[in-house]
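**Student:**
Numbering (our numbering), first residue to last: 633 to 868.
Below, the structure is given as structure tokens:
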């Protein structure tokens, strides 16, 4: 009986030691992974030339929150790293370790293939906008296409986890120039105070109208502006 109890004690002691060793190894591995994530984030931020405050402002959090990641006091989840990558305008895989990076690319594609998919989606948006404008006898210029691309590129880049520059390289539109330098179309460019899809589409439609048609558009716009339902809410 004494031998049986002694044997049970040693088995329990050995099991406890093994479990403690496993937990200790797991904790060390967690600390190592966290440390590398913090280093990846810090290096990416510094390559961008940003301060902690710059990245914090872009993410809408405090600099202390960024410091906690970089100093390995908090382990950033994938969703968090996706937001950081989008803010820094880098590929999400730059904030990944193996085998996570390989698994991600197997599931969603390489950086190049994801950038190509993102560019394809923007091209389809431009194509749809062009058809809609031309169905109204509007005139679509290179600047309009550029506006539409720039209007959606950040959202689509975030969706595919790629930097905007990698998408721009895939598009057939030169997005590196300003509106004045990029204007090469025969249709005179109009000066607008608000950029984006709405003004760009109105501009394209107006280009296909005569003077009476343009006056009619303005008349209807003025009437709509008087309706409370369509008015922009005033800031307090």
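In this text, a Cβ means the ideal position worked out from N, Cα and C, and glycines have one as well.
It should be emphasised that the depicted structure is a prediction, and the values quoted were computed from it without experimental measurement.
Run through the segment 660–720 for me and flag every whole alpha helix (DSSP H) of 4 or more residues, listed as ranges in chain order.
**Tutor:** Unbroken alpha helix (DSSP H) stretches of 4 residues or longer found wholly inside the segment 660–720: 684–691, 695–702, 710–720, given in chain order.
**Student:** Pairs of beta-carbons, one from the segment 774–785 and one from the segment 753–763, closer than 8 Å: are there three or more?
**Tutor:** yes
**Student:** So what's residue 730 in DSSP terms, helix, strand or just coil?
**Tutor:** Three-state result, residue 730: coil.
**Student:** Which residue comes first and which comes last in the alpha helix (DSSP H) that contains residue 752?
**Tutor:** Where residue 752 is concerned, the enclosing alpha helix (DSSP H) stretches over 743–766.
**Student:** Work out the CA separation of residue 686 and residue 841 for me, nearest whole Å.
**Tutor:** 46 Å
**Student:** I need the straight-line Cα distance from residue 807 to residue 751, nearest angstrom please.
**Tutor:** 12 Å
**Student:** Who are the near neighbours of residue 710 in its chain, counting only those whose CB is closer than 7 Å to its CB and skipping five residues on each side?
**Tutor:** The answer is none, since no qualifying residue turns up.
**Student:** Beta carbon of residue 796, beta carbon of residue 723: below 7 Å?
**Tutor:** no
**Student:** How would you call residue 770, buried or exposed, if buried means at least 16 neighbouring beta carbons within 10 angstroms?
**Tutor:** buried
**Student:** What do you get for residue 833, buried or exposed, if any count of 16 or more other CB atoms within 10 angstroms of its CB means buried?
**Tutor:** buried
**Student:** In three-state terms, what does DSSP make of residue 797?
**Tutor:** Note: residue 797 maps to helix in three-state DSSP.
**Student:** Do residue 727 and residue 803 have their CB atoms nearer than 7 Å?
**Tutor:** no
**Student:** Hey, how far is the Cα of residue 699 from the Cα of residue 738?
**Tutor:** Residue 699 and residue 738 have their C-alpha atoms roughly 32 Å apart.
**Student:** From 848, 853, 845, pick the residue whose C-alpha is nearest to that of residue 831; which is it?
**Tutor:** Closest by alpha carbon: 853.
**Student:** Cβ of residue 731 within 7 Å of Cβ of residue 669?
**Tutor:** no
**Student:** Mind checking residue 734: buried by the 16 CB within 10 Å criterion, or exposed?
**Tutor:** exposed
**Student:** Beta-carbon within less than 7 Å of residue 781's beta-carbon, same chain only, minus the 5 sequence neighbours each way: which residues are those?
**Tutor:** 754, 758, 803, 805, 807
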